[in-house]
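Everything below concerns the one structure shown next.
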Amino acid sequence: MPHSGARGAHRGAAGTTTNPFLHHPAAAAAARTRSTLMRSHPPLAAHLLLLSSSTRRAMASTAAVARAAGVAAAEYEEVLGRLSSLITQKVRAHSGNRGNQWDLMAHYVKILDLEEPIARMKVIHVAGTKGKLLLFEGTRADISEEKFLKYFWWCWNKLKEKTDDDIPMPAYFRFLALLAFKIFSAEQVDVAVLEVGLGGKFDATNVVEAPVVCGVSSLGYDHMEILGNTLGEIAGEKAGIFKKGVPAYTAPQQEEAMVALKQRASELGPWYLMQHWFLKISLQVADPLEPYHLKGQHLGLNGEHQYINAGLAVALASTWLEKQGHKDRIPLNRTDPLPDHFIRGLSNACLQGRAQIVPDSQVNSGESINSSLVFYLDGAHSPESMEICAKWFSHVTNDGRRIPSSAEQSQSSKSLKILLFNCMSVRDPMRLLPHLLDASTQNGVYFDLALFVPNQSQYNKLGSNTSAPAEPEQIDLSWQLSLQTVWEKLLQDKGIDSANSSDTSKVFASLPLAIEWLRKNAEENRSTSFQVLVTGSLHLVGDVLRLIKK
């Protein structure tokens with residue numbers, strides 16, 4: 001069962017990445033193949049006639065496969081280039097971003113002949129600020145690169161043919177949603193889990209008029225420049241996915257958000273069909289799971305907050321199974337442990353860049369988190385998720401340290417807590433860093449050093465050539481310097497500042513330089529554990545993963 005949304009897909013139950021745009025191995029594999037062929041081509045030309053016919057056939061076959069791999073990689077890069085052309089430089093709230101306007105989605109769906117396929121599709125529609133994850137144990141969640149390319153060109157060519165100045169090509173996230181609809185319908189999936197990209201009411205995924213069930217995960221303050229400045233306004237936008245007669249679930253919410261969700265549900269009112277009156281939309285609160293529900297197993301995703309997300313996932317999956325006539329496969333009640341297939345799905349769940357622990361293979365000899373350099377990655381980028389991230393990091397690293405009252409105590413410690421941070425300039429660091437610092441100190445963790453870096457990848461380009469400008473003078477570090485200023489002020493207010501800011505924070509001109517500095521210090525201080533929390537931006541987390549896994 002593929003799992004996708006306006007931002008692309010996450011991980012499915014089978015553990016395979018369904019977003020073909022992130023960390024795809026094709027380009028790297030093709031580069032290795034091309035390099036190998038160039039090195040071996042001269043001796044091949046000189047000695048080919050001396051080889052047996054069977055060997056020649058084998059070599060020819062290998063060369064053909066290599067050429068095909070190169071062609072496929074080149075085509076994949078071309079596709080990423082086409083996608084890059086859809087990324088606008090305007091912020092998503094910009095009214096002039098015509099390709100993002102909601103009224104155009106109906107035109108795009110009609111151009112691609114997707115009206116009937118979408119109407120027939122079994123959809124679980126999920127919105128929310130955090131925790132939009134739903135997994136089914138034992139289902140297929142991947143798609144081959146060959147099929148992806150085929151469906152991409154089918155959508156691209158049709159849209160290119162029918163769009164013009166009045167109806168321009170859809171912007172990036174809209175196109176991904178349309179591509180997902182095409183793939184899901186063509187592959188005849190049993191159920192499609194659609195994650196809202198942003199908001200709900202005007203999101204590209206909201207062209208689905210009759211989902212099987214809707215869900216709203218925990219809400220917080222995010223994308224406020226678009227969704228509103230209060231939880232009530234944000235919740236009202238998220239509740240835009242509610243439909244008449246469609247059951248809906250929500251994770252427990254703050255009162256202001258819950259009032260807005262219930263208000264939207266009541267506005268849909270009773271509806272009439274086939275001489276019968278039906279009750280208005282049913283909005284139910286999905287209770288968080290408790291550890292005993294899992295029969296001693298652990299959730300695949302780390303963090304206490306994941307029990308809230310898991311509770312919503314169980315409610316949504318159960319509703320879908322019941323509507324498909326599989327009542328024998330759903331939990332009997334909320335008090336007994338879950339059926340084994342639910343437990344397997346929840347315990348096998350994984351999502352890169354969220355509460356992920358990665359020992360650095362270049363510095364460390366093994367995969368133990370007791371190694372000398374370990375990265376703790378979480379793409380938190382809202383005030384609420386900052387707190388959750390800090391609590392998780394504190395829980396997995398806290399060694400009972402007390403507040404460092406002097407430089408000597410910090411130097412004598414056997415572990416160093418380091419923050420590697422960046423956030424997009426549309427976000428207010430004063431709404432992020434205080435939550436991170438407060439939650440950390442409240443849970444007994446004090447950062448010895450904070451590193452501020454620009455993201456490595458460009459926001460407006462996909463593919464293998466997405467690195468930042470190579471020359472330091474081309475990089476504007478004013479944003480990182482402002483983040484450092486905010487951090488130092490927060491430390492000063494808490495009375496844990498140093499006489500020299502270079503002792504508590506640094507700004508690096510690039511992420512590779514920061515990683516190089518961390519590795520150098522870890523190699524020179526093998527007795528010290530460098531525990532690096534990477535957070536503030538999913539872009540940053542993705543960049544770090546690419547660099548440390550090379």
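Quick note: the sequence shown uses full-length UniProt numbering, first residue 1, plus one each step. The C-beta atom is built at its ideal place from N, Cα and C for all residues, glycine as well.
Proximal residues to residue i (C-beta, below 7 Å), its chain only, five neighbours per side dropped
{"i": "Arg354", "result": "Leu301, Asp378, Gly379"}
{"i": "Met424", "result": "Ser537"}
{"i": "Asp448", "result": "Ser410, Leu416, Lys417, Ile418"}
{"i": "Asn206", "result": "Gly200, Gly240, Ile241"}
{"i": "Glu523", "result": "Val363"}
{"i": "Asp343", "result": "A small correction: the amino acid at residue 343 is Ile; Asp does not occupy that position in the sequence shown. Cβ neighbours of Ile343 beyond the five flanking positions: Leu294, Lys295, Gln297."}
{"i": "Cys155", "result": "Leu112, Leu178, Leu179, Lys182"}
{"i": "Lys549", "result": "none"}
{"i": "Gly236", "result": "Ala260, Arg264"}
{"i": "Ala450", "result": "Leu419, Phe421, Trp487, Thr504, Ser505"}
Three-state secondary structure assigned by DSSP to residue i
{"i": "Tyr446", "result": "coil"}
{"i": "Phe530", "result": "strand"}
{"i": "Val193", "result": "strand"}
{"i": "Lys182", "result": "helix"}
{"i": "Lys506", "result": "strand"}
{"i": "Phe202", "result": "coil"}
{"i": "Lys262", "result": "helix"}
{"i": "Leu420", "result": "strand"}
{"i": "Thr441", "result": "helix"}
{"i": "Ser382", "result": "coil"}
{"i": "Ser415", "result": "strand"}
{"i": "Phe242", "result": "coil"}
{"i": "Thr335", "result": "coil"}
{"i": "Leu86", "result": "coil"}
{"i": "Leu114", "result": "coil"}
{"i": "Leu299", "result": "coil"}
{"i": "Asn157", "result": "helix"}
Beta-ladder partner(s) of residue i, from DSSP
{"i": "Ser215", "result": "Reading the sequence as shown, one finds Gly at residue 215 and not Ser. According to DSSP, Gly215 bridges with Val126, Tyr249."}
{"i": "Ile548", "result": "DSSP output for Ile548 lists no bridge partner at all."}
{"i": "Glu75", "result": "Paired residues: none, contrary to the question."}
{"i": "Pro359", "result": "Val374"}
{"i": "Gln284", "result": "Tyr249"}
{"i": "Thr535", "result": "Phe421"}
For residue j and residue i, the rounded distance between their alpha carbons
{"i": "Met105", "j": "Arg174", "result": "8 Å"}
{"i": "Leu433", "j": "Trp487", "result": "7 Å"}
{"i": "Leu540", "j": "Val396", "result": "21 Å"}
{"i": "residue 564", "j": "Gly200", "result": "The requested residue 564 does not occur in the structure, where the chain is confined to residues 1 to 550."}
{"i": "Pro168", "j": "Leu159", "result": "9 Å"}
{"i": "Leu124", "j": "Gly232", "result": "It should be pointed out that residue 124 corresponds to Ile in this sequence rather than to Leu. Ile124 and Gly232: Cα-Cα distance of roughly 24 Å."}
{"i": "Lys520", "j": "His341", "result": "46 Å"}
{"i": "Phe421", "j": "Glu304", "result": "23 Å"}
{"i": "Gly325", "j": "Ala315", "result": "16 Å"}
{"i": "Val259", "j": "Asn525", "result": "54 Å"}
{"i": "Phe152", "j": "Ala127", "result": "25 Å"}
{"i": "Ala210", "j": "Lys244", "result": "8 Å"}
{"i": "residue 558", "j": "Thr504", "result": "No answer is possible for residue 558: the residues shown for the chain start at 1 and end at 550."}
{"i": "Phe530", "j": "Ser372", "result": "6 Å"}
{"i": "Leu176", "j": "Ile118", "result": "15 Å"}
{"i": "Glu255", "j": "Cys214", "result": "20 Å"}
{"i": "Ser4", "j": "Ile475", "result": "Any reading at Ser4 is ruled out, since the residue's pLDDT is 42, under 50, leaving its predicted position unreliable."}
{"i": "Lys262", "j": "Thr319", "result": "20 Å"}
{"i": "Ala349", "j": "Asp493", "result": "40 Å"}
Own chain residues within Cβ distance below 6 Å of residue i, not counting five before or after
{"i": "Ser54", "result": "Bear in mind that the predicted position of Ser54 carries a pLDDT of just 41, short of 50, making it too unreliable to give a figure here."}
{"i": "Phe202", "result": "Trp102"}
{"i": "Glu187", "result": "none"}
{"i": "Leu321", "result": "Arg329, Ile330"}
{"i": "Tyr376", "result": "Ile357, Phe393, Leu533"}
{"i": "Asp543", "result": "Asn455, Gln456, Ser457, Leu511"}
Given residue i as reference, the closest of the options once Cα atoms are compared
{"i": "His533", "options": "Phe508, Cys389, His125, Asn525", "result": "It is worth fixing the name first, because residue 533 is Leu in this sequence and not His. For Leu533, the nearest C-alpha among the options comes from Cys389."}
{"i": "His293", "options": "Ala265, Gln263, Val259, Pro339", "result": "Pro339"}
{"i": "Arg334", "options": "Asp287, Gln480, Asp493", "result": "Asp287"}
{"i": "Glu145", "options": "Tyr76, Ser318, Gly345", "result": "Tyr76"}
{"i": "Arg181", "options": "Lys162, Glu115, Asp165, Leu312", "result": "The sequence as given places Phe at residue 181; Arg does not occur at that position. Phe181 has its Cα closest to that of Glu115, out of Lys162, Glu115, Asp165, Leu312."}
{"i": "Glu161", "options": "Tyr108, Lys327, Ser361", "result": "Tyr108"}
{"i": "Gly495", "options": "Asp438, Leu477, Ser529, Ala509", "result": "Asp438"}
{"i": "Ile143", "options": "Gln480, Glu523, Leu179", "result": "Leu179"}
{"i": "Leu436", "options": "Ile111, Arg344, Glu384, Ile475", "result": "Glu384"}
{"i": "Lys150", "options": "Gly128, Val189, Ala204, Ala72", "result": "Ala72"}
{"i": "Thr535", "options": "Phe393, Gln263, Gly444", "result": "Phe393"}
{"i": "Gly444", "options": "Ile118, Thr230, Lys391, Ala349", "result": "Lys391"}
{"i": "Gln356", "options": "Gly345, Leu346, Val374", "result": "Val374"}
{"i": "Asn309", "options": "Ser361, His381, Pro359, Ser218", "result": "Ser218"}
{"i": "Val196", "options": "Glu78, Val208, Asp190", "result": "Val208"}
Cβ shell of residue i (< 8 Å), same chain only, five flanking positions each side left out
{"i": "Leu477", "result": "Pro454, Val507, Ala509"}
Residue i beta carbon near the ligand PLP (any heavy atom closer than 7 Å)
{"i": "Asn348", "result": "As presented, the structure is devoid of all ligands, the ligand PLP included, so that no description of it is given."}
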